[in-house]
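To start, the structure under review is shown below, and the notes come after it.
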Amino acid sequence: MSEQTATSLTANKANANSLLRRDVRFLGNILGEVLVHQGGEELLEIVEKIREMSKSLRAEYIPELYDEFKSTIASLSPDIRHQVIRAFALYFQLVNIAEQNHRIRRKRDYERSAGEGAQPGSIEDAVKVLKERNIAIEDVKDMLNGISLELVMTAHPTEATRRAVLDIHKRIASDVMELDDPTLTHREREKLREKLLNEVFTLWQTDELRGRKPTVIDEVRNGLFFFDETLFEALPNVYEELERCLAKYYPDENWHVPSYLRFGSWIGGDRDGNPSVKAKVTWETLTLHRALALDKYSEALQELMGLLSFSTNIVEVSPELVESIRADRENVELNCVDIWRNEQEPYRIKVGYILQKLANTREGAVNRYENPEGLIEDLKIIDRSLRHHFADYAADTHIRKLVRQVELFGFHMSKLDIRQHSQEHENAMTEVLQKMHIVDNYAALEEDAKVELLAKLLNDPRPLTSGHLEYSESTRECLDVYATVYRAQKEFGINCISSYLISMTEAASDMLEVMVFAKEVGLFRKEADGTVRCTLQSVPLFETIDDLHAAPGIMKKLFELPIYREAVSAMGEVHEIMLGYSDSNKDGGVVTANWELRVALNDITASAGEFGVKLKFFHGRGGALGRGGMPLNRSILAQPPHTIGGGIKITEQGEVLSSRYGLHDIAYRSLEQATWALITAARLAKYPEQMPKVETDWDDIARTISETALNKYQDLIFRDPDFMTFFKESTPLAEVGELNIGSRPSKRKNSDRFEDLRAIPWVFAWTQSRYLLPAWYASGYAIEQFVQGDNGRMQKLRDMYTRFPFFRSLIDNLQMALAKADLLIAREYAGMIKDGTIRDRIFGQIEEEYARTLRLILDITGQSEILDNVPVIQESIRLRNPYVDPLSYLQVQLLTELRSIPDDSSDAELLREVLLTINGIAAGLRNTG
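The opening residue of the sequence shown carries number 215 in the numbering used here; numbering runs sequentially from there.
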């Protein structure tokens, strides 16, 4: 980079930051006007007084000011308090919008200033590095053929923002971005301000809370919103950019990269712990997916019809196009679109027939597309004809993109995964086998006996179920799911569903049970000649620390079974395996979960390698730090490069969906960074000598730290008899369950046991109360026990932070957690604990561990403050904290009042205020889910 360019970039960065401050100030002033209009000057003055005191306390802790601050909050009348909560919560919504817009602005500023230069983390940066390292074109093609990323939307209940509110956010974001337009006149700016004022008024008068829990189909529609609004356009744009960069640096190849980046979904397929997800709901989900796909193609084709006005009076179209139109006229009756009357405009005539065939596909009528390949072929006929008369630009701009969209989204929009708990399959198998008099009590068999029996049943072509037998409701539903999958593959294409995930996989039999049920409906079958056909794969979900330890042995046992190994061959020699970040973190703590996941990745890969099987690892990351959450590109590069050969899947859930994919430009940038990370990881896997040198003892050190951290973590979480009392009384756990943010219950069973609590509310509650305990606890103690005051050992950790990607990622995640935690405020939450002895003892441990972790992280990184390595995030947290703090103090006060109400009484308004603070804190801290 030239000195001039660097200077220009620095100047633009400073200017961009001033524009962010301008936007925040501008939106803050508008909010102030709304507050005055809705609550009078008194409301604005109270909000400003609380804000100023909070800012002053963050700058310098003064006990007298602290007491005044708490007293001011405690003295608010219920009416004013309600509005103060909403004011701070709404402020964060506006700040989040300004920051998202600023990300887009920074990218554009960089591209303007850098000229021909490649932005770090961009697709061009990745391809440029390949060229600079003299990587041959054939090796580049091999890498592109080997990379695969599927981003899977889940319906986990952590998105606290309503769809109606998200729609307003999008309109505000669009309007604020217009402020950057230097051609706006004074009057246009005034009108824009009036429009924004109206939008903020609307936001203030829109209920942030859902009046009811969403249904599963509501959640399906919410997920499809992102395909409709951004992904249908953003995803093919990423492919287009990759092909542009490849053509620039490797011009001798006519590039059409394989479909390496796709989206999937669990919404409507994940029935683990959610009794609302029935087979009929899964079918309705698939029909909604197809309807959107066909709608998007129809919209694109309608636009195409207006653009392809080429006339045979001027150009000569291909004979192939003429023949295809003749065939369409013979076979396809136009009744959904008007016949194009101008015979000299054949492309418009052809598009009319394509639209009719799509309509027939929707209705299941004759002369429809049997599969997406038929639509692609029709589009390619148009493409070839356009190039025939040198209209290459039209072909590249319009047709090529639509072809890519059909390749990516098919007739099913996104692949749907099925998920169910392993116990449900065992229960159903026990009943089915008992009714067929095969075995009286399958569940009571030893594991080896189960595996032997299930393998025998897979080899036996005879059915196990009968329409003449009565089954329990749960078993009937279990069997119906497989019938639905078979029907779906016939109706929507084989790619609509191909993975069946098994929660709490603890043995090989858990996976074989799914295969036996698949055989019942034809998803698995062994032909008379011995050939195995399989279109649905059992996917284990290894969640707890014990499950991760057992995983390599379980997979080896399965691969040793000839019938199972043949099923893997039928699925392209690739086996999918899911690793759970949430439950492993809840089970063993952040350090141990990260280490054990790394070990499992390596060991399972080695086990599969013995049998020539490639693995596609599915990383079940949440949005929160305590559930494996991190930026998408970092989560890809955090994997050992040799473990990505069969592809990667990663969950996208909660507020991550709206923050990453709510706006087109941010969706594009996220997917571009993911592509950069994939290509970079593929390069390092192919050329391991280009990786930083890792010392042989670093894994041993990490293992030692992990073992110590596990004991420290479990001493508190599992072995301290008072811990659950501390957790439940000092966090809003019970109240989080009252938020209508998901169709799924917060517990797997109606139980107060820690084991039955889902990982999501566990992390959410700790984040709300500002402890963020699952994201850092026990790490400092474990590091201290390793160092033991030895400077040589501390230097070893500093070297690991510099050159060991796994360790650096771990330490940086700990930094983020420590920066967002606040034990001064957490102490207020601890004050709600009735037993002062329990409170003081456990909070004292947590406080001591926080201080220890903070000191050691700074020593390892050599920083003077946490997050000095990422000043943008550091500054964002610093600016947000004074605004989050009042909501936290208000939440403690409200929880105290709410919990003082007798059990046989209730206060709906008080609960509503608590829920508003939960929403506000979630918006303020961002990655809470």
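The beta carbon of each residue, even a glycine, is placed where N, CA and C say it ideally should be. These numbers come from a predicted model, not from an experiment.
- Distance between R1092 and A288, taken at the CA atoms: about 25 Å.
- DSSP, read as helix, strand or coil, puts D484 in strand.
- With 16 or more neighbouring CB atoms inside 10 Å of its own CB, Q887 falls in the buried class.
- In the DSSP assignment, G834 falls within the unbroken beta strand (DSSP E) covering 828–834.
- From the listed residues D674, G1003, R485, the smallest Cα separation to I777 is found for D674.
- The C-beta distance from S1078 to I1039 rounds to 23 Å, too long to fall under 8 Å, and the pair is not in contact.
- Judged by beta-carbon spacing, G707 lies beyond the 8 Å limit of V788, meaning their Cβ atoms are not closer than that value.
- I1052 places its beta carbon 8 Å or farther from that of L987.
- Excluding five sequence positions before and after R1007, the CB atoms of its chain that fall closer than 8 Å to its own CB belong to F1000, V1001, given in chain order.
- Residue F756 holds the alpha-carbon nearest to the alpha-carbon of A807 among A784, F756, G786, A781.
- For a cut-off of 8 Å, the C-beta gap from F306 to Y1097 is around 7 Å, short enough to register as a contact.
- As summarised for the segment 423–457, the continuous alpha helix (DSSP H) elements at least 4 residues long and confined to that stretch are 430–440, given in chain order.
- Looking only at Y280, E1063, V531, N412, the smallest Cα-Cα distance to A1035 is reached by E1063.
- Taking M1030 as reference, the option from A814, V804, E903, T749 with the minimal CA-CA separation is V804.
- Distance from the CA of A923 to the CA of I759, rounded to the nearest whole angstrom, comes to 13 Å.
- A direct Cα-Cα distance of roughly 24 Å separates T1131 from N412.
- By the C-beta criterion, the segment 277–288 is judged not to be in contact with the segment 1109–1119, since fewer than 3 inter-stretch pairs fall below 8 Å.
- Our two residues, L449 and L1124, have alpha carbons roughly 44 Å apart in a direct line.
- Counting every other CB atom within 10 Å of its CB across the protein chains shown gives E909 a total below 16, marking it as exposed.
- Rounded to the nearest whole angstrom, the CA to CA distance from P906 to R1012 is 15 Å.
- DSSP, reduced to helix, strand and coil, places T499 within a helical segment of the structure shown.
- In this structure E455 does not touch V471 by the C-beta definition: roughly 11 Å separates them, more than the 8 Å allowed.
- The beta carbon of R779 is closer than 6 Å to those of F773 in its chain, skipping five residues each way along the sequence.
- For the pair of segments examined, the segment 870–886 was found not to touch the segment 970–985: the number of CB pairs separated by less than 8 Å stays below three.
- In terms of Cα proximity to E447, the closest of L410, E790, H612, L1037 is H612.
- Judged by their CB atoms, Y511 and R618 are not nearer to each other than the 8 Å cut-off.
- L1032 is not a Cβ neighbour of I974, given a cutoff of 8 Å.
- The segment 718–730 makes contact with the segment 629–644: 3 or more CB pairs, one atom from each, lie closer than 8 Å.
- At the C-beta level, L750 and Y714 come within 8 Å of one another.
- Closest in C-alpha terms to D356, from the list R897, A669, N574, comes R897.
- Proximity of the segment 626–633 to the segment 474–488 meets the contact definition, three or more beta-carbon pairs being nearer than 8 Å.
- As for any beta strand (DSSP E) of minimum length 3 sitting wholly inside the segment 986–1054, there is none.
- Distances from the CA of V529 to each of D552, L548, E559, A505 were compared; the closest alpha carbon is that of E559.
- By the Cβ neighbour-count rule, F932 is exposed, with fewer than 16 other Cβ atoms within 10 Å of its own.
- In the three-state reduction of the DSSP assignment, I349 falls in the coil class, being assigned neither a helical nor a strand state.
- In terms of Cα proximity to E467, the closest of D353, R1140, A609, D281 is D353.
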